[in-house]
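Enquirer: Protein chains in written order, with the numbering used here: chain A, 1 to 130; chain B, 1001 to 1124. Glycine residues also receive a C-beta, built at the ideal position from the N, C-alpha and C atoms. Small disclaimer: the values here were computed from a predicted structure and weren't measured.
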Ligand code: HEM
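Right under this line is the structure:
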């Protein structure tokens, strides 16, 4: 049973019918990356545990991390991390009252996308060694 | 204070959660940036260096605080996401009880990660 009205007033939040502004994409991306990072933390903790167990395990982790699919996996974790971090910093800046206007919000969202894109490119270069 | 209080929120109310979310964000950022910096600065990292880092007392304390902050951050964050989407409007009349079950599972995972993480940091 879905509720399409509350207290007799219609509810229309069907996002498919709404043209979303860049700030909305910035916001939902922050949320999605936060959820991806929850999974990342579990995997990273496993790697950390193993890497600290013994010299042989440490070497094995290094070997696993340098194999292509795992490198891609690490990239899939680091990319969301940069985005979530930069968008999170924007949150903190906006909490201090900076960039809260409509234009400020749009500009901030653009800056977040650009800065995290740059960091993501650097991460790729670091992982695959240019 | 008239703010919303929920037994399922981490703190006493939304404002408290909001503050914890911000403080934890800064601590996690510091911890991860430190680790990234350490790895970038030590390309030929050895096992001895790696263990020396994590078994030093300040790092054990830093890791412990960061892990607890991270788990608080995740709990508040996921709780917020669940209360946004697992609602009767979006999922029908069973949404509230289903959300409670999912919250319990998330909370159990959070507790397990806390135990596993702390035992990694303090067994060195
Ligand atoms: C790996 C670590 C992290 C995980 C697993 C994580 C996870 C999450 C999740 C699931 C949310 C809820 C998303 C939402 O409500 O839309 C969230 C929110 C948030 N995160 Fe993170 N996060 C991590 C690291 C960080 C870092 C380093 C920052 C640094 C600035 C940060 C800043 C924030 C902020 C400010 C919010 C609140 C957003 C709001 O109030 O709407 N997070 N995080």
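(1) I'd like the list of long-range same chain contacts for residue 64/A, defined as Cβ closer than 7 angstroms, with 5 residues on each side in sequence excluded.
(2) Can you list, in chain order, the residues of its chain with a C-beta nearer than 7 angstroms to that of residue 1088/B? Leave out the 5 residues immediately preceding and following it.
(3) So is residue 58/A in contact with chain B if we call contact Cβ pairs under 8 angstroms?
(4) Just how far apart, CA to CA, sit residue 1030/B and residue 85/A?
(5) Enumerate, from N- to C-terminal direction, the unbroken beta strand (DSSP E) stretches of 3 or more residues contained entirely within the segment 6 to 43 of chain A.
(6) How close, in whole Å, do the beta carbons of residue 109/A and residue 23/A come, if the pair is a contact with beta carbons under 8 angstroms?
(7) Kindly indicate which residue of 36/A, 25/A, 114/A has the alpha-carbon position closest to the one of residue 81/A.
(8) Between residue 73/A and chain B, is there a C-beta pair that is closer than 8 angstroms?
(9) Along the chain, which unbroken stretches of the alpha helix (DSSP H) at least 4 residues long are found entirely within the segment 32 to 114 of chain A?
(10) What does a CB cutoff of less than 7 angstroms around residue 47/A pick up in its chain, not counting 5 residues either side in sequence?
(11) Beta-carbon of residue 92/A versus every beta-carbon of chain B: anything under 8 angstroms?
(12) Strictly below 9 angstroms CB to CB, what residues from chain B border residue 85/A?
(13) If you run the structure through DSSP and keep just helix, strand and coil, what is residue 1093/B?
(14) List the endpoints of the continuous alpha helix (DSSP H) containing residue 1082/B.
(15) At a cut of 8 angstroms, does the segment 1017 to 1025 of chain B reach the segment 1071 to 1080 of chain B through at least three beta carbon pairs?
(16) Does the beta-carbon distance from residue 1069/B to residue 1024/B come in below 8 angstroms?
(17) Pick from 1092/B, 1110/B, 1109/B, 1086/B: whose alpha carbon is nearest that of residue 1100/B?
(18) For residue 1044/B, which of helix, strand or coil comes out of DSSP?
(19) Taking Cβ positions only, does residue 97/A come closer than 8 angstroms to chain B?
(20) What residues from chain B crowd round residue 31/A, counting only those whose CB sits closer than 8 angstroms?
(21) Assign residue 1066/B to buried or exposed, taking buried as 16 or more other Cβ atoms, counted over all protein chains shown, within 10 Å of its Cβ.
(22) Kindly indicate if chain A contains any beta-carbon less than 8 angstroms away from that of residue 1047/B.
Expert: So, from the data block:
(1) 70
(2) 1095, 1096
(3) yes
(4) 10 angstroms
(5) none
(6) 5 angstroms
(7) 36/A
(8) no
(9) 55 to 66, 68 to 95
(10) 61
(11) yes
(12) 1025, 1028, 1029, 1032, 1033
(13) coil
(14) 1057 to 1085
(15) yes
(16) yes
(17) 1086/B
(18) coil
(19) no
(20) 1081
(21) buried
(22) yes
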